Amino acid sequence: MKAEASLFAGVAGFFFVAGLGYALWSREPAGTAALAVSCLMALVVCGFCTLNHRKRGPRPEDRKEAEVRERTGGLGFFPPRSGYPPLTGLAVALTALGVVFGLWLFVIGVGLLVAGVVGMVMEFAGRS
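Our numbering puts the first residue of the sequence shown at 1, with every later residue one more than the last.
As structure tokens, then:
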């Protein structure tokens with residue numbers, strides 16, 4: 001994460017310099033605020049990457065002598081097939097149509113949407 005921290009520190013520095021120049025020359029508060037928020041957001045990501053690097057140490061991607069196999073892990077479980085994605089798609093369509101045609105169709109769509117999403121999440125919950 002050291003490379004990412006350096007990258008986002010550079011992005012934050014750019015937004016700081018650009019925001020400072022923009023604030024001095026334009027005297028327009030909206031653009032200045034947008035550049036200040038962009039600088040702060042880049043600093044948050046930079047701080048996260050720096051703390052993560054200090055806490056966990058260098059990753060295999062950070063070392064020049066690392067090999068690809070050091071980063072690989074298990075592939076996990078991929079479900080064979082499920083009926084819940086089509087149900088969820090139908091529910092989203094009914095919910096959108098319910099916005100146009102009436103509350104009764106919207107409520108049916110939301111009910112099916114909740115059932116579809118919960119079904120997708122819980123269908124293979126015991127598997128890893």
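All C-beta atoms, glycine included, are put in the ideal place defined by N, C-alpha and C. Just so it is clear, the structure is predicted and the values come from calculations on it, not from any experiment.
Is it the case that the Cβ atoms of residue i and residue j are separated by a distance below 8 Å?
{"i": "Tyr84", "j": "Gly119", "result": "yes"}
{"i": "Ala129", "j": "Cys49", "result": "Because residue 129 is not part of the residues shown, which for the chain are 1 to 128, the question remains open."}
{"i": "Leu105", "j": "Gly98", "result": "yes"}
{"i": "Pro58", "j": "Glu70", "result": "no"}
{"i": "Gly109", "j": "Leu94", "result": "yes"}
Mark residue i as exposed unless 16 or more other C-beta atoms lie within 10 angstroms of its C-beta, in which case mark it buried.
{"i": "Gly116", "result": "buried"}
{"i": "Thr88", "result": "buried"}
{"i": "Phe78", "result": "exposed"}
{"i": "Met122", "result": "exposed"}
{"i": "Ala66", "result": "exposed"}
{"i": "Ala30", "result": "exposed"}
{"i": "Ala3", "result": "exposed"}
{"i": "Ala125", "result": "exposed"}
Is residue i close to the ligand SAM? I mean its beta-carbon at under 7 Å from any heavy atom of the ligand.
{"i": "Cys49", "result": "The ligand SAM is absent from the structure shown, which contains no ligands of any kind."}
Here's a check: name, in chain order, each residue in its chain whose Cβ is nearer than 7 Å to the Cβ of residue i, leaving out the five neighbours to either side.
{"i": "Val44", "result": "none"}
{"i": "Cys39", "result": "Ala12, Phe15, Phe16, Gly19"}
{"i": "Asn52", "result": "Met1"}
Only counting the same chain, and skipping five residues up and downstream in sequence, which positions put a Cβ closer than 8 Å to that of residue i?
{"i": "Ala18", "result": "Leu35"}
{"i": "Ser26", "result": "Thr32"}
{"i": "Lys55", "result": "none"}
Whose C-beta lies closer than 6 Å to the C-beta of residue i among residues of the same chain, with five residues either side of it excluded?
{"i": "Ala9", "result": "Cys46"}
Residue i and residue j look like a contact to me (Cβ under 8 Å); what is the Cβ gap, rounded to whole Å?
{"i": "Val100", "j": "Leu113", "result": "Actually they do not touch by this definition, with Cβ atoms about 16 Å apart."}
Would you mind listing the alpha helix (DSSP H) stretches within the segment 24-81 that are 4+ residues and don't spill past its ends, in chain order? Runs of the alpha helix (DSSP H) inside the segment 24-81: 29-56.
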